[in-house]
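*Asks:* Residues in the sequence shown are numbered from 1 upward in steps of one, following the UniProt record's numbering. Each residue gets a CB set at the ideal place from its N, CA and C atoms; glycine is no exception.
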Amino acid sequence: MNSQNIVRYWHAVELLQPQAVPKLNKRDSDYQPFFQDIPASGQILPWMPANPLSRQRLPNKRVWSHTLYAHLYDNLDVSRQLEALYGADQGYKEPQSKLCALYALKFNDQGVMVANSLVLSSEAWFVGCAINRQDWTHGFEETQDSLREQAKSLLGGVVNAADLARLTDHIRQSLGLDQFFADGPHGHRFRSAPINPNKPEQEDDPLNSFLLSDLAGMAEALARGETSKPLARYLSHHDASQRLHLDGPEADLALIDRLAPSRYATGCWPAEKHLGLVHSQQLAVNSLLHTLSNDSGIMGINGPPGTGKTTLLRDLIAAVVTQRADVLATLGRASDAFIKDGRETANDGGRERFAYQLSPRLFGFEMVVASSNNGAVENVTLELPQRDKVDSSWLPDAEYFSELGELTSGKPAWAMISAALGSKAKRTQFVDRFFYGKRPPKTKTTSAEPAPSQPDVDNAELDEDLYEGDPLPDASMTNSANEEPAPKGMREWLSEHASQMKLLSSAEKNSLWRTAVERYQGAKNAEERIRAEVSDILERVQTVISAKARVRQKEQERQAHLTQRRELNDEQAKLETLQLAPAREQLKRELQFLEAHLATKPGLLTNLISLWGAHRTWAARQRLLDSAHTLAKDAFDSAQRLVQRLVGQLAELKRQLATDELEINEAVVHAALQIDKARRIARAGQAKHLEHWLEQGQIGRGSEIELLEPWIVEGWRQARATVFIEALKLHHVFFQIEASRLRANLDFITSTLTGSRYGGVSKAVVRSAWASLFMAVPVLSSTFASFARSFGSLGCGEIGWLMVDEAGQAPPQAAVGALWRAQRAVLVGDPLQLEPIVTVSDAVLEHMRTRYQVDAHWLPNRQSAQSLADQATPWGRMAGPKDQKCWVGLPLVVHRRCDKPMFELANRIAYDGAMVYGTIAPSPAKETPARLLTGWVHATGRSSGNWVDNEGKALEQLLAMLNDDGVPPDSIAVITPFQDVRNQLKDRLHAKIVRGTIHTMQGKEAAVVILILGGNSENGGAREWAVSKPNLLNVAATRAKRRLYVIGDRNDWKQRKLFCDVMELLPVQDGWVGEGLSHA
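Structure below.
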């Protein structure tokens, strides 16, 4: 199938996935934007003196920039119109309502339109085409360009309300939407932001899917034959017969090999308590490195809740950093990292910058974490630098630009390991803090408002670009506002070391470099010495395999000889019975006949009387008898010779069987010796899985094995961590010695990140600038929505490692641009948690698919980024509920988050018992004080929509009980399947209590989770939808670390799918609930 058609189809789907307009957020800082709604008939626009904006404070050196979200409409109206055209979906679905705009415009502080800023709603354009039966497969960009030209003629000079009305009417008419929008007024929303007039304005699309333009570019690239191996495999069908099922015995030898010490990376993360990875985690890391390190491609990792996905990625990150250090260590001088005469001049509107080409050997180690889930991206990149994510025994020696790590992450850090890019605000924040050393501003917030981290489903599907937060104040204002002195940014640090290096001779710099390389090599040598204790296990295993094979061969030879002896014995018996014995009897008879005939020899008288006739008759008879005797004698001799030959063969076989016994005994002794040698190594490395194979002939499996590290050698994990730390130190010294050139490269790339567009430089120097940044900050991150804006200057296959988190939640089209830019891709997720949210109806998806002649396999409501990556991964298992299993790649199985009831619930409904319980109970000081155990709070009553008021009353009493127990509000999360319930929760909960739909909670956790079920009591469709698949309940249960309380009508839900199988895990706690928590 044509891969570009698949991408064009997905592009068409994104036409109907608009952004919601920003909400009317309260302005809490002078640097935040001011929002207001103005009716279509309103005359006072934001730049006019009588507008409320004139009463808002404007910081120094800032001017207002206005974004208009014009002609607001509810996109549910579009959904209903498309249902009328193409048909409605069957069954219940949660309504996906968004407030959208027909078009958007930007204005300067005077009210003059910013040229070419008009953005047309792709959704409105599509529905106009559909209503008027026009071709929607192309033409959107042309229509938008035409309307931009029309806007220039209609909106000259300072714009007033009448001008906007004329433009709006023109756009509605051009799209053929006058009748569609005939009902009701459609007002406008303005966002007025204080901006620095000397900095370029953001040019992001404020209305449409952020994936639109990148998907269009990817389709064009595919048409030209430009693709990466990860994307090519992602867009391919795969032969299921080539899969290796890890649960089957056929995988035993492959697993032994892949888990062997020689397959481990030289470097690893300096983990807390020096703990290594458990079996499934180590298998995944070793497989990724073995398969992808020296190649390119894509692999999926199945990461159910609480299975240590970030822990796994930490070791992968350490391995990649160490691999780059291996390249650095081969350089005779630090300067050899740069291409000779590789300096280039970059120009951005008259501003010149220099950049230097790195050796291509230092490319391919870039690491980017991406996700559709903002929280997932932040979880990974904020966690890696945190000081408590490494064992304290390594500190402070292991620190790597720790001050910058703390400045960028906002938390105590041990290293500048990772940072978040993404939206323009986040990119600017990263550059300001990392490169320039700016501290974040101190802003005031009111105590009555929810904490900004509270999940809210209205924002869950929006990119962070719509919510950029406070624009950062100028550096002078920021630093003077804080008592602490400003830390050194990377730029200042590099400048200082560049000056210091000028004072050193080449020999002194070379000596500094060689010392760092020797330290790194010394760490590697120390690690190798410890690894050597068990490193020859694969040779031993191969020897055992060969020895066992020889035993089998000799046994087979013996069996063949025994079979041959049986056959010869049978042949001898048959020969004696059928030939020798009859021949003997016949010979005996012939002798008797001959003897009797001799006795009748006529005498002389008889011969004379018969004139010798009697003699002639007797002689004739004699001749016949002699002939018969000879024949009988020959037959007997022949049969006897055959028997004697068989006897000889049997005698030889007897000698051979004796030899066989000796050789078998020798082979068994040799095999036992080899097994014993291998067993000693396995025991030295505590490799229980291998010991089981050596003793039982099958690799060890099950909970006991899965909870262990595959190999534990005293001091080995620490030695590998030391290699990683020395790798970071080698990078640090490289930055010291080559500070001048690296400062130029970082200057170039950080300027690019914040909006500069340099011309006149080669692709090699752009990639070198990126590689320089990744050497300083090994891991960068972005949402898929912001990916092209963050990494758009990187070409096909130029990101060394793409790591996608929560890939099961990402629609397949979201990952296309990132995969195209990647050399290697690792997608981690779980098809049994939240699925992608596709707001386009099944009927419209099907209509689009047929237009592009795309197979149903590629429907975005059937696939996720994770499922496509899993299908491209040959090692895995069938996972999921009984009769609903699907193929997943490299599964992680040890769960370490939830208490037993929540684990058992999820394991039963979603994983068919395949997960392993590994949660360690917290210390008494960290245990939740909630006295009520996990269970069900029964509440029944009539609903209003999907909200049941009695469930709300039960929630209030439960929260009061938890409060009395001393449960901190910020350790509680209240979640629900339904938006109606979510909306009711907004004003009922303490500000610190996390609240929202289940969809907002993936990737998050809380000590106490309250699942308030809701659902229409009159029509069971909503409740059936909530349990139609295990995904929602699986995610809800596995957010709870210590307690899960389910509020709902127990008598109703226990008859429904999923809940009917787990009710004993959620008992009604009558002793606690009796006082009014059960509502009839």
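1. Who are the Cβ neighbours of residue 1075 in its own chain at under 6 Å, not counting the five residues just before and after it?
2. Does the stretch 968–984 come close enough to the stretch 1000–1016 to have 3 or more Cβ pairs within less than 8 Å?
3. Going straight from the alpha carbon of residue 132 to that of residue 845, what length do you get?
4. Counting only runs that start and end within the stretch 308–333, where is the alpha helix (DSSP H) found for 4 or more residues in a row?
5. Can you tell me where the beta strand (DSSP E) holding residue 922 begins and where it ends?
6. Looking at the strands, I want to know which residues DSSP matches up with residue 779.
7. Whether or not the stretch 822–831 and the stretch 382–397 are in contact is what I'm after, with contact meaning three or more pairs of Cβ atoms, one per stretch, closer than 8 Å; do they touch?
8. Whose CA, out of 87, 883, 927, lies closest to the CA of residue 898?
9. Does the stretch 27–42 touch the stretch 257–265, meaning 3 or more C-beta pairs lie closer than 8 Å?
10. Please classify residue 695 as buried or exposed, where buried requires at least 16 other C-beta atoms within 10 Å of its C-beta.
11. For residue 72 and residue 187, which I take to be in contact (beta-carbon distance under 8 Å), what is that distance rounded to the nearest angstrom?
12. Where in the stretch 724–798 do unbroken runs of the beta strand (DSSP E), each at least 3 residues long, occur, reported from the N-terminal end onward?
13. What would DSSP say about residue 1062, mapped onto helix, strand or coil?
14. Quick one: measure Cβ to Cβ for residue 803 and residue 369, integer angstroms, because I've assumed they're closer than 8 Å.
15. Would the stretch 653–672 count as touching the stretch 539–550 if we require 3 or more Cβ pairs under 8 Å?
16. Is the beta carbon of residue 873 less than 7 Å from the beta carbon of residue 299?
17. Cα-Cα, which of 40, 554, 196, 689 is closest to residue 189?
18. With three or more beta-carbon pairs closer than 8 Å as the criterion, would you say the stretch 514–528 touches the stretch 779–788?
19. Between the Cα of residue 207 and the Cα atoms of 877, 342, 316, 102, which residue gives the shortest distance?
20. Below 7 Å CB to CB, which residues in the same chain sit around residue 512 once its five sequence neighbours on both sides are set aside?
21. From the DSSP output, in three-state form, read off residue 3 for me.
22. Shortest alpha-carbon distance to residue 789 belongs to which of 212, 113, 63, 119?
23. Using DSSP with H/G/I as helix, E/B as strand and the rest coil, what is residue 60?
24. What span of residues does the alpha helix (DSSP H) with residue 582 cover, start to end?
25. If you count every other CB in all the chains shown that lies within 10 Å of the CB of residue 412, and 16 or more means buried, which is it?
26. Taking the continuous beta strand (DSSP E) assigned at residue 827, which residues delimit it?
27. Assuming contact is defined by CB atoms lying nearer than 7 Å, are residue 130 and residue 85 in contact in what I supplied?
28. Between the stretch 890–897 and the stretch 853–864, do at least 3 Cβ pairs fall closer than 8 Å?
29. Would you check if the distance between the CB atom of residue 1039 and the CB atom of residue 1009 is smaller than 7 Å?
30. By the 10 Å Cβ neighbour count, where 16 or more other Cβ atoms means buried, how is residue 1004 classified, buried or exposed?
31. Entirely within the stretch 356–401 and at least 4 residues each: give me those alpha helix (DSSP H) ranges in chain order.
32. Quick check: what's the CA-CA separation for residue 653 versus residue 679?
33. Compute the Euclidean distance between the alpha carbons of residue 598 and residue 611, then round it to the nearest angstrom.
34. Using 7 Å as the limit for Cβ to Cβ distance, is residue 609 near chain C?
35. Compare the C-alpha of residue 122 against each of 949, 166, 75 and name the closest.
36. Enumerate in chain order the residues of its own chain whose CB-to-CB distance from residue 6 is below 6 Å, with the five nearest sequence positions on each side excluded.
*Replies:* Let me spell this out:
1. Residue placement at residue 1075 is flagged as unreliable, the pLDDT there being 41, under the threshold of 50; a coordinate-derived value is accordingly withheld.
2. Output reads yes: the stretch 1000–1016 touches the stretch 968–984.
3. About 19 Å.
4. List check, alpha helix (DSSP H) in window: 309–329.
5. If you look at residue 922, you'll find it isn't in any beta strand (DSSP E); DSSP assigns it neither H nor E.
6. Paired residue(s): 367, 418.
7. Cβ pair count under 8 Å is below three, so no.
8. The option with the nearest alpha carbon to residue 898 is 927.
9. By the criterion of at least three beta-carbon pairs nearer than 8 Å, the stretch 257–265 is not in contact with the stretch 27–42.
10. Exposed, by the Cβ-count rule.
11. Approximately 6 Å separates the beta-carbon atoms of residue 72 and residue 187; this is inside 8 Å, confirming the contact.
12. Whole beta strand (DSSP E) segments, 3+ residues: 779–783.
13. Three-state result, residue 1062: coil.
14. About 5 Å separates the two Cβ atoms, so the contact holds.
15. As far as the Cβ criterion goes, the stretch 653–672 touches the stretch 539–550, which means the pair count is three or higher.
16. Against a cut-off of 7 Å, the Cβ pair of residue 299 and residue 873 comes out as a contact.
17. Of the candidates 40, 554, 196, 689, the one whose C-alpha sits nearest the C-alpha of residue 189 is 40.
18. No: the two stretches stay apart, fewer than three of their Cβ pairs being nearer than 8 Å.
19. The residue with the shortest Cα to Cα distance from residue 207 is 102.
20. Cβ contact annotation for residue 512 (same chain, cutoff 7 Å, sequence separation greater than five): 733, 737, in chain order.
21. Collapsing the DSSP output to three states places residue 3 in a helix.
22. Answer by Cα proximity: 212.
23. Coil at residue 60, not helix or strand.
24. Residue range 581–599 is occupied by the alpha helix (DSSP H) that includes residue 582.
25. Residue environment for residue 412: exposed (fewer than 16 other C-beta atoms within 10 angstroms of its C-beta).
26. Per DSSP, the continuous beta strand (DSSP E) segment holding residue 827 begins and ends at 822–829.
27. A contact, by the Cβ cut-off of 7 Å.
28. No, the stretch 890–897 is not in contact with the stretch 853–864.
29. Result yes, Cβ atoms of residue 1039 and residue 1009 sit closer than 7 Å.
30. Counting the other Cβ atoms within 10 Å of the Cβ of residue 1004 gives 16 or more, which makes it buried.
31. Counting only runs of 4 or more, we get 374–383.
32. Rounded to the nearest angstrom, the gap between the Cα atoms of residue 653 and residue 679 is 37 Å.
33. Rounded to the nearest angstrom, the two C-alpha atoms are 20 Å apart.
34. Among the protein chains of the structure shown there is no chain C, as only one such chain exists.
35. That would be 75, whose Cα lies nearest to the Cα of residue 122.
36. The beta carbon of residue 6 sits closer than 6 Å to those of 235, 854, 858, all from its chain and outside the five residues before and after it, given in chain order.
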